[in-house]
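Undergrad: Structure incoming, see below.
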Amino acid sequence: MLVNHNVPELAARLGQPTIPGTVTPKSWLGVPMMVGDQVTGILSLQHVDRENAFDESHVRLLQTLAASMSIALENARLWEQEELYRKALEREFEIGREIQASFLPDFLPQPEGWEIAAMLKSAREVSGDFYDAFELTEGKIGLVIADVCDKGLGAALFMTLFRSLIRAVSNIDFFTNTDYTGAVTVEKRLLNAISLTNNYFYETHGRTSMFCTIFFGILDTCTGVLTYINGGHLPPKVINQHGVKEILQVTGPAVGTMPGVEFTTREVRLEVADTFFAHTDGLIDTVNLAGEYFNSQNLIPLFAGDQPLSALLVQIQDQITDYSTGGKQNDDITMLAVRRIK
């Protein structure tokens, strides 16, 4: 709006109040500040001494300024809104991290004559990987490392479900398979835990097309025998001072892919100075700036030393980090190691 004369008369006719102590302009030019079809403000020029002070050139100039200022103010508003949303989202992920961390063991059992260590490094705020080590009866230890397909929040939610199911059903003597008669053996406990978890997950969540590769073993700390099921997971290794002693191959499909599948158990004996080492595929998916994948064989010589397993896993993680310097961690990296000391 351009008012070049009789401004006081127009203000009175429109009911515009006069602020005491102020001077009523003789010329007034106002241009709306627009965002879409919404008026967000008015940019005005006033001349208190002269009528007809403004012309069309002033109108065009003020319109240009108003358009630029409208964009700048709207961008500032959107940025502030986005910042508030980002902080709220960060807080939600922080809560998610805290909850997920509570599903990992606070401490790992350290039976006499054995050393157990683990490490998890997420590629995102939350992880689809998990590990576990827990005491069972008669000096036995349950060992789990797993990788839920996909990454992010969805994988993290299913990670908590898989972990809870495995631990819960491993500690009960309820068997759905009528073939599991007689004494509760390690093999029966393994097969029951994996089968129950697999069938429940597929029947309840099969439509999500999610699944989990999992290695679940039960270690007899008295004999050194590790009985295990490898459900589609990267084969762990048994390593001694001379190199790789044994590779623990897959014994069944990933958990949750189909109902009623059969899993088989195998066993391996860990001798003194043997180390069981398992990891998720995030380790071998690490790439350097040249796009070359990390070769896990380069880690084998590290196991020849006698440093504590926790320190060894830190050394491995440092080597992976150095290899990928400048690159990006594309997947979660989880490691689980068990060494027989005596």
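Residue numbers for the sequence shown follow our numbering, beginning at 45 and rising by one. Virtual Cβ for every residue (Gly too), placed ideally from N, Cα, C.
#1: Got a sec? Which residues, its chain only, sit under 6 Å from ASP191 by beta carbon, not counting five neighbours each side?
#2: Counting beta carbon pairs with one atom in the segment 240-248 and one in the segment 183-190, are three or more of them shorter than 8 Å?
#3: Using the DSSP secondary-structure output, state which residues sit across from GLN82 in a beta bridge.
#4: Secondary structure at LYS18, three-state DSSP: helix, strand or coil?
#5: Give me the Cα-Cα distance between VAL282 and ASN243, rounded to the nearest whole angstrom.
#6: How many whole angstroms separate the CB atoms of VAL255 and GLY300, which I take to be in contact at a CB cut-off of 8 Å?
#7: State yes or no: is the beta carbon of VAL269 nearer than 8 Å to at least one beta carbon in chain C?
#8: So GLU311 packs on LEU270, CB below 8 Å; how close in whole Å?
#9: Just verifying my parser: in three-state terms, what is the DSSP assignment at PHE147?
#10: Go through the segment 284-312 residue by residue and report every complete run of the alpha helix (DSSP H) that reaches 4 residues or more, in order.
#11: Look up THR267 in the DSSP assignment and say whether it is helix, strand or coil.
#12: Please report the distance separating the alpha-carbon of ILE86 from that of GLY74.
#13: For LEU164, write down the residues that DSSP places opposite it in a beta bridge.
#14: Grab me the residues of THR222's own chain with a C-beta within less than 7 Å of its C-beta, minus the 5 sequence neighbours each way, in chain order.
#15: Can you say whether ASP366 is buried or exposed, counting buried as having 16 or more other CB atoms within 10 angstroms of its CB?
#16: With a threshold of 8 Å, are at least 3 pairs of Cβ atoms found where one atom belongs to the segment 149-167 and the other to the segment 345-356?
#17: Tell me which same chain residues have a C-beta within less than 7 Å of the C-beta of VAL213, skipping the five on either side of it?
#18: Please identify the residue among ALA177, TRP72, GLN107 whose C-alpha is closest to the C-alpha of PHE147.
#19: Pick from ILE216, LYS165, PRO155: whose alpha carbon is nearest that of THR1?
#20: So what's HIS102 in DSSP terms, helix, strand or just coil?
#21: Quick check: the Cα distance between THR369 and PRO149, rounded to an integer number of angstroms?
#22: Can you tell me which of the three DSSP states THR222 falls into?
#23: Got a sec? Which residues, its chain only, sit under 6 Å from ALA110 by beta carbon, not counting five neighbours each side?
#24: What would DSSP say about GLY159, mapped onto helix, strand or coil?
#25: Let me confirm a value: LYS386 is counted as buried when at least 16 other C-beta atoms fall within 10 Å, else exposed. Which label applies?
#26: Which residues mark the beginning and the end of the alpha helix (DSSP H) in which VAL230 is found?
#27: When DSSP builds the beta bridges, which residues end up paired with ALA322?
#28: Tell me where the alpha helix (DSSP H) around LEU353 begins and ends.
TA: So, to answer that:
#1: Translated into positions along the sequence shown, residue 191 becomes position 147. Around ASP191: ASP173, THR257, THR324.
#2: no
#3: Counting from one through the sequence shown, the residue named residue 82 turns up at place 38. Looking at the DSSP assignment, GLN82 forms a beta bridge with VAL79.
#4: This structure gives no information on residue 18, because the portion of the chain shown stretches from 45 to 386.
#5: Start at 1 with the first residue of the sequence shown, and residue 282 comes out as number 238. Start at 1 with the first residue of the sequence shown, and residue 243 comes out as number 199. Each residue's Cα considered, the two are about 30 Å apart.
#6: The residue labelled residue 255 in the question sits at position 211 within the sequence shown. The residue labelled residue 300 in the question sits at position 256 within the sequence shown. In the sequence as presented, Val is not what sits at residue 255; that position holds Phe. Yes, PHE255 and GLY300 are in contact; Cβ-Cβ is about 4 Å, under 8 Å.
#7: The structure shown contains no chain C, having only a single protein chain.
#8: Residue 311 sits at position 267 when you count from the first residue of the sequence shown. Residue 270 sits at position 226 when you count from the first residue of the sequence shown. Their Cβ separation, rounded to whole angstroms, is 6 Å, which keeps GLU311 and LEU270 in contact under 8 Å.
#9: For the purposes of this step, residue 147 is taken as residue 103 along the sequence shown, with counting starting at 1. PHE147: helix per DSSP, three-state reduction.
#10: none
#11: Your numbering for residue 267 matches position 223 in the sequence shown. Here THR267 sits in coil by DSSP.
#12: Along the sequence shown, read from residue 1 onward, the residue named residue 86 stands at position 42. Along the sequence shown, read from residue 1 onward, the residue named residue 74 stands at position 30. If you take the alpha carbons of ILE86 and GLY74, they lie about 6 Å apart.
#13: As a position in the sequence shown, residue 164 is number 120, starting the count at 1. For LEU164, which the question treats as bridged, DSSP gives the partners THR378.
#14: Looking up residue 222 in the sequence shown gives position 178. Note that THR222 scores 47 on pLDDT, short of 50, meaning its location in the model is unreliable; the coordinates nonetheless yield the value given after this. Taken in chain order, the list of residues that qualify is empty.
#15: As a first step, residue 366 must be located in the sequence shown, where it is residue number 322. Per the 10 Å Cβ criterion, exposed.
#16: yes
#17: The residue labelled residue 213 in the question sits at position 169 within the sequence shown. Taken in chain order, the residues that qualify are ASN236, ALA237, LEU240, THR241.
#18: Residue numbering aside, residue 147 sits at position 103 when the sequence shown is read from its first letter. Of the listed residues, the one whose Cα sits closest to PHE147 is ALA177.
#19: No answer is possible for residue 1: it lies beyond the span of the chain, which begins at 45 and ends at 386.
#20: What you label residue 102 is simply residue 58 of the sequence shown in a count that begins at 1. Helix.
#21: Within the sequence shown, numbered from 1, the residue matching residue 369 stands at position 325. Within the sequence shown, numbered from 1, the residue matching residue 149 stands at position 105. So the two alpha carbons sit approximately 30 Å from each other.
#22: Within the sequence shown, the letter at position 178 stands for residue 222. Interpretation of THR222 is limited by its pLDDT of 47, a score under 50 that renders its predicted location unreliable; the figure taken from the coordinates is listed afterwards. In this structure, THR222 counts as coil in the three-state DSSP scheme.
#23: For this step, residue 110 is matched to residue 66 along the sequence shown. Counting only Cβ-Cβ distances below 6 Å, and skipping sequence neighbours, we find VAL75, MET77, LEU87.
#24: Residue numbering aside, residue 159 sits at position 115 when the sequence shown is read from its first letter. Sequence inspection shows Glu at residue 159; the Gly mentioned does not correspond to that position. GLU159 falls in the strand class under three-state DSSP.
#25: Position 342 of the sequence shown, counted from the start, is the residue given in the question as residue 386. Exposed.
#26: Along the sequence shown, one-based indexing puts residue 230 at 186. Counting along the chain, the alpha helix (DSSP H) containing VAL230 begins and ends at 230-249.
#27: Counted from its first residue, the sequence shown places residue 322 at position 278. Paired residues: LEU380.
#28: The residue given as residue 353 occupies position 309 in the sequence shown. From DSSP, the alpha helix (DSSP H) with LEU353 extends over 353-367.
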